[in-house]
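Let me begin by presenting the structure, written as structure tokens, before commenting on it.
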Amino acid sequence: KELKAKLAQYPGPEELTQCVTWEVMQAALISERPKIQEDLRETLGTASNNKPVQTLNCGSPGTEAGFEGTVDEDLSRQVSQLHPSDGCLNAVTGRRLSRVSIGAEHYPETVEALTEVGKLRDKHESLDTRVTFLEANKADQSQLQHLHAVLTALEEKRIPDYVPEQLNNLKTLVDRLLEDKKELVEQHKGEFLETAFFKQRVEEAVLRVEVESVLMEMRTDLVCEGSDRDLPRDDSQIQQLNQQTAQIRTAVLKLDKKVQGLMKAKQQKDHKVHERAEER
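Take the sequence shown: its position 170, counting from 1, is numbered 170 in UniProt numbering, and each next residue is one higher.
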């Protein structure tokens with residue numbers, strides 16, 4: 001009677017079907033573990049391959065290389081040992097899952113809750129591994145201070161934002177002036193050629209007058225020397241030569257002054273044309 005009373009306290013077959021079996025609980029807890037573990041391995045592998053080069057050396061190269069190698073080995077070991085119960089998963093998946101599926105149909109909410117709990121556990125372990133990886137590769141305080149100093153120096157040397165715009169405006173203005181100058185040259189091409197020809201003729205005339213003046217001075221000197229020797233001195237002839245020389249020099253000065261006035265007027269005209277082009 002006592003045994004029957006104890007057996008009566010146990011749930012019946014119908015009640016047992018509503019209970020979560022070990023296989024269902026184990027499958028729900030570790031169902032997402034392989035995917036999370038694979039994602040973690042890919043993430044850490046990519047981060048190791050794309051690890052930025054340290055430009056700030058805080059120790060010898062050999063020491064840094066050894067430290068990085070140790071960190072990579074430790075992380076690989078953590079990933080491989082992240083889930084020590086992976087053998088249980090293989091055991092569960094190696095069995096027939098029909099029993100697990102049939103049992104899960106009776107308590108879907110419980111299975112869903114167990115699955116979420118398993119995901120949280122796996123994600124927590126994955127997050128812990130990622131934090132360890134970041135802690136091993138983070139910059140120290142001295143590197144951050146040096147980086148701050150470099151950024152501050154770059155900020156001080158940075159070109160103001162308005163400079164490129166001003167350069168573009170100046171470039172546009174120069175291009176416009178070159179076009180206006182080309183148009184003016186085409187319009188006043190005849191005037192420019194005439195002015196250049198006139199200037200050349202004037203320079204030739206001035207040079208010719210200077211040569212004649214020198215020759216006259218030489219003749220005057222010869223006359224003076226001859227009068228001092230044996231030739232009779234003719235003061236009227238010498239005075240006439242001096243007057244001709246003075247007249248020639250006066251004509252040369254007037255011609256040169258006239259040329260300077262013409263050149264100045266031409267420059268003023270060109271300056272006015274240039275100012276009008278700038279006003280456009």
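The beta carbon of each residue, even a glycine, is placed where N, CA and C say it ideally should be.
Val24 sits buried, since 16 or more C-beta atoms from the chains shown fall within 10 Å of its C-beta. The shortest C-alpha to C-alpha distance from Pro108 to any of Leu7, Thr21 and Thr250 is the one to Thr21.
Between Asn169 and Lys266, the alpha-carbon positions lie close to 30 Å from each other. If you draw a straight line from the Cα of Asn137 to the Cα of Gly12, it comes to about 58 Å. Cα atoms of Lys35 and Leu7: separation of roughly 44 Å, rounded to the nearest angstrom.
DSSP, reduced to helix, strand and coil, places Thr110 within a helical segment of the structure shown.
Judged by DSSP in its simplified three-state form, Asp140 adopts coil rather than helix or strand. With at least 16 other beta carbons inside 10 angstroms of its own, Thr129 counts as buried. Within the same chain, and ignoring the five residues on either side of Lys264 in sequence, no residue has its Cβ closer than 8 Å to its Cβ. Assignment of Thr21 by DSSP, reduced to helix, strand and coil, places it in the coil class.
Pairing Leu154 with Asp140, the inter-Cα distance amounts to about 21 Å.
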